[in-house]
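Mind the numbering: the sequence shown is residues -19 to 133 in our numbering, read in order. Cβ coordinates follow ideal geometry from the N, Cα and C atoms, glycine included. Have a look at the structure below, then the notes.
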Amino acid sequence: MFWVIASTIVAAIMATLMIFVRLRAAKRPASAKKIILPPLMMSTGAFMFILPVFRVEWMQVLEAIGVGIIFSIFLIKTSKFELRDGEIYLVPSRAFPFILFSLLIIRIIIKLIIGSYISVGETSGMFFLLALGMILTWRITMLYQYFQIKREF
């Protein structure tokens, strides 16, 4: 039970930090590098699967990534770019903090349900894959939108 509570607290802190990072990023021009780096940095977490305790079955991998892709739709809908002073900026959405915390609450509920059927390690592995699927899909879409605006400019 300790690990469930600890991981939930960490997720809430990460969500809060994400909101502040997103709001700060809106003040500076966007770039392809700034869009690509977060999922690349996060992907290093895949090293957790070296340890057997975190490994999941292929069906669980597909389920987690699929749910992540579905969750990314909400982030994609709140991520828009605009051209301002010859630069491309990410427009901050007022709905973003609410969506991020809503997704966090949904993930916690799913984690509590799934956690009663599979081990903490497998749950951690699945939720890493869910987050990676969500962020990767969101960032690929952002990169596509960024290059569309850049091409028009």
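Compute the Euclidean distance between the alpha carbons of residue i and residue j, then round it to the nearest angstrom.
{"i": "Val47", "j": "Leu(-3)", "result": "22 Å"}
{"i": "Met22", "j": "Phe133", "result": "31 Å"}
{"i": "Trp118", "j": "Leu55", "result": "6 Å"}
{"i": "Ile94", "j": "Lys14", "result": "34 Å"}
{"i": "Ala10", "j": "Lys60", "result": "11 Å"}
{"i": "Ile140", "j": "Thr121", "result": "An answer regarding residue 140 cannot be provided, because it is not within the stretch -19 to 133 covered by the chain."}
{"i": "Leu110", "j": "Lys130", "result": "30 Å"}
{"i": "Gly18", "j": "Leu116", "result": "It is worth fixing the name first, because residue 18 is Pro in this sequence and not Gly. Roughly 9 Å separates the two Cα atoms."}
{"i": "Val36", "j": "Ile89", "result": "20 Å"}
Classify residue i as buried or exposed, calling it buried when 16 or more other Cβ atoms lie within 10 Å of its own Cβ.
{"i": "Val71", "result": "exposed"}
{"i": "Tyr124", "result": "exposed"}
{"i": "Val160", "result": "Given that the chain is displayed from residue -19 to residue 133, the structure contains no residue 160 and the question cannot be resolved."}
{"i": "Ser99", "result": "exposed"}
{"i": "Lys91", "result": "buried"}
Query raised in the report: At which residue ranges does the stretch 3 to 75 contain complete beta strand (DSSP E) runs of 3 or more residues, listed in the order of the chain?
Result: Counting only unbroken stretches of 3 or more residues, the beta strand (DSSP E) elements lying wholly within the stretch 3 to 75 are 60 to 64, 67 to 71, in sequence order.
**Report entry** the stretch 62 to 81 / the stretch 28 to 41 touching (three or more Cβ pairs under 8 Å)
**Finding:** Judged by Cβ distances under 8 Å, the stretch 62 to 81 makes no contact with the stretch 28 to 41, as fewer than three pairs qualify.
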